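Asker: For the sequence shown, this note's numbering begins at 22 and goes up steadily by one.
Got a structure here, written out as structure tokens. Questions coming.
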Amino acid sequence: MKTGKQQDRKTVIISTGNASLAGHYTRILDKEYRVVVTPTLDAFFEQAGQQQPALLVLDPVLAKTGLDAAVQGILTSHPGIRLIVVESDSGEAIDQYALFKAGVHGFCSHDISAALLNKAVQLVLEGEYWI
Numbered sequence: 022m023k024t025g026k027q028q029d030r031k032t033v034i035i036s037t038g039n040a041s042l043a044g045h046y047t048r049i050l051d052k053e054y055r056v057v058v059t060p061t062l063d064a065f066f067e068q069a070g071q072q073q074p075a076l077l078v079l080d081p082v083l084a085k086t087g088l089d090a091a092v093q094g095i096l097t098s099h100p101g102i103r104l105i106v107v108e109s110d111s112g113e114a115i116d117q118y119a120l121f122k123a124g125v126h127g128f129c130s131h132d133i134s135a136a137l138l139n140k141a142v143q144l145v146l147e148g149e150y151w152i
């Protein structure tokens with residue numbers, strides 16, 4: 022049986038096809054949040070409908086139709102969700118300004134430290150922005 026604290030934890034979805042990144046982020050965040058990993062955006066939309074996540078940590082590699090379009094689709098379908106985009110580990114340039122204009126709440130490096138990832142998630146869930 023789940024304790025009250027476990028039931029009260031906010032759900033964070035990590036959407037990435039990178040198993041190493043998903044495992045690393047899950048190990049960091051599962052102490053404070055209920056973490057669900059989805060390997061595709063389609064899987065995110067399926068899980069988001071069931072899980073009612075508070076936050077999505079998005080790997081931009083999954084945005085096959087373009088990152089701006091993916092962000093708009095996510096925020097339109099789930100208007101209350103907070104969204105952090107992770108810098109691609111391929112070094113591909115990402116227009117952070119355009120992402121924030123599109124409604125993203127945070128942007129971080131793929132190799133962010135555990136302490137900073139926890140802080141980014143906490144602050145974004147509190148309504149702040151993270152760069």
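Glycine residues also receive a C-beta, built at the ideal position from the N, C-alpha and C atoms.
These numbers were taken from a predicted model, which means no experiment stands behind them.
Quick check on DSSP: helix, strand or coil for S41?
Answerer: For the purposes of this step, residue 41 is identified with residue 20 of the sequence shown, where counting begins at 1. In this structure, S41 counts as helix in the three-state DSSP scheme.
Asker: Would you check if the distance between the CB atom of I102 and the CB atom of A75 is smaller than 8 Å?
Answerer: Taking the first residue of the sequence shown as position 1, residue 102 is located at position 81. Taking the first residue of the sequence shown as position 1, residue 75 is located at position 54. Cβ distance < 8 Å, so I102 and A75 count as in contact.
Asker: What are the boundary residues of the beta strand (DSSP E) that includes I98?
Answerer: The residue given as residue 98 occupies position 77 in the sequence shown. It is worth fixing the name first, because residue 98 is Ser in this sequence and not Ile. Careful: S98 lies outside any beta strand (DSSP E), inside the alpha helix (DSSP H) at L88 to S98.
Asker: Could you pull the start and end residues of the beta strand (DSSP E) that L77 belongs to?
Answerer: As a working mapping, residue 77 is identified with position 56 in the sequence shown. Note, L77: beta strand (DSSP E), L76 to L79.
Asker: In angstroms, rounded to a whole number, what distance separates the CA positions of I95 and L104?
Answerer: Taking the sequence shown and counting its residues from 1, one reaches residue 95 at position 74. Taking the sequence shown and counting its residues from 1, one reaches residue 104 at position 83. Approximately 9 Å, taken between the alpha carbons.
Asker: With G70 as the anchor, note down where its beta strand (DSSP E) starts and where it stops.
Answerer: Sequence index remark: in the sequence shown, residue 70 carries index 49 (1-based). Element bounds for G70: not the beta strand (DSSP E) but the alpha helix (DSSP H), L62 to Q72.
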